[in-house]
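Step one of this worksheet: look at the structure below.
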Amino acid sequence: ESLQVKPGNLLSTIGRRRNVPHEILMKINKIVRPEALQAGETIKVVNGPFHARIYRSTFTMDLYLQNTFVRSFPVGLGKPGKETPTGLWRVKPDGKLISPTWTDPETGKTYEAEDPDYPLGSRWIGLEGLRGDAKSRSGFAIHGTKDPSEIGTAGSQGCIRLHNGDAILIYNLLMPGLSQVEIVE
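According to the numbering used here, the sequence shown is numbered sequentially starting from 570.
Shown next, in the form of structure tokens:
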């Protein structure tokens with residue numbers, strides 16, 4: 570879809586109205602500096618938000634723009650006894666964090682991002698449960714990992730692990746309070 574830029578339009582405002590990060594609009598239109606956008610220009614736009622479906626049986630996350638498949642990613646999931654709950658989740662309105670402090674629920678040990686044993690990678694996307702086994706649950710997230718060998722396995726404490734580069738990409742695409750994540754068998 571095309572959009573003619575009106576006077577005073579900012580790329581960030583256009584992205585917000587379309588439920589997509591403005592960085593996506595920059596990539597689609599090969600815009601290097603968003604402040605260079607001029608009234609009267611015609612740009613390509615997409616409507617969001619992005620959503621994800623995670624398949625526990627195949628350790629796969631499929632990313633969608635609305636109902637259109639975009640790409641698959643390998644994931645790591647919860648270990649036996651701490652399985653990643655199925656159901657419908659939403660990205661928490663304040664759930665996107667960069668290198669947050671994390672406390673291991675099993676040991677009580679707190680890790681800062683600078684710690685060599687910090688397990689999360691650089692991105693954290695907090696989730697809130699809406700339906701199914703996820704309903705009313707919190708404390709679960711999509712995040713990177715220090716140990717890429719855990720991707721494709723059931724070894725986490727319930728969170729969804731991604732390769733760090735994939736976690737950064739997903740972090741940049743999912744919209745707080747809007748993007749949903751469905752976890753199925």
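All C-beta atoms in this analysis are idealised placements derived from N, C-alpha and C, irrespective of residue type, glycine included.
Could you work out which residue in Leu696, Thr679 and His620 is closest to Pro654 when comparing CA atoms only? With distances taken between Cα atoms, Pro654 lies closest to Leu696.
So Ala710 is in the alpha helix (DSSP H); what residue range does that whole segment cover? The continuous stretches of alpha helix (DSSP H) do not include Ala710, which lies in the beta strand (DSSP E) extending over residues Phe709 to His712.
Nearest chain D C-beta to Asp716 closer than 8 Å, yes or no? Reference to chain D is not applicable here, since this structure consists of a single protein chain.
What does the alpha-carbon distance come out to for the pair Ile729 and Met744? Ile729 and Met744 have their C-alpha atoms roughly 17 Å apart.
If Ala703 and Trp658 are in contact, beta carbons under 8 Å, what's the gap, nearest whole angstrom? Contact holds; Cβ gap of about 5 Å.
In whole angstroms, what is the alpha-carbon distance linking Pro674 and Ser725? When rounded, the separation of the alpha-carbon atoms in Pro674 and Ser725 is 12 Å.
Might you give, ordered along the chain, the residues of its own chain that have their beta carbon closer than 8 Å to the beta carbon of Ile747, omitting 5 neighbours on each side? According to the sequence displayed, residue 747 carries Leu and not Ile. Hits under 8 Å: Asn588, Gly617, Pro618, Arg659 and Val660.
Looking only at its chain, what residues have a beta carbon closer than 8 Å to the beta carbon of Ile720, apart from the 5 residues adjacent to it on each side? Cβ within range, chain order: Phe628, Pro643, Val644, Gly645, Thr714, Arg730, Leu731 and His732.
Val750, buried or exposed, once every other Cβ within 10 Å from all chains shown has been counted against 16: Residue burial is scored here from C-beta neighbours: Val750 has at least 16 other C-beta atoms within 10 angstroms and is therefore classed as buried.
Beta-carbon separation of Leu594 and Leu579 under 8 Å? Cβ distance not < 8 Å, so Leu594 and Leu579 don't count as in contact.
Suppose the cutoff is 8 Å on Cβ atoms and the five residues either side in sequence are ignored; what does the same chain contact list for Val753 look like? So the qualifying residues of the chain are Arg622, Ile623, Tyr624, Arg625 and Thr655.
Rounded C-alpha distance that separates Glu652 from Gly584: Roughly 35 Å separates the two Cα atoms.
Shortest alpha-carbon distance to His712 belongs to which of Pro669, Pro576, Lys613 and Val574? Distance from the Cα of His712 is smallest, within the candidate group Pro669, Pro576, Lys613 and Val574, for Pro669.
Cβ distance (whole Å) where Tyr680 is taken to contact Trp693 below 8 Å: No, Tyr680 and Trp693 are not in contact; Cβ-Cβ is about 12 Å, not under 8 Å.
Among His591, Gly609, Val614 and Gln573, whose alpha-carbon lies nearest the alpha-carbon of Pro603? Between Pro603 and the set His591, Gly609, Val614 and Gln573, the nearest pair of CA atoms involves His591.
Cβ-based burial, Asp735 [other Cβ within 10 Å; buried from 16]: It is buried - the Cβ of Asp735 has at least 16 other Cβ atoms within 10 Å.
Looking at the strands, I want to know which residues DSSP matches up with Lys613. Ser571.
Return the residue from the list Pro688, Gly577, Ile737 and Arg706 that minimises the CA-CA distance to Ser718. With respect to the C-alpha of Ser718, the residue from Pro688, Gly577, Ile737 and Arg706 having the closest C-alpha is Pro688.
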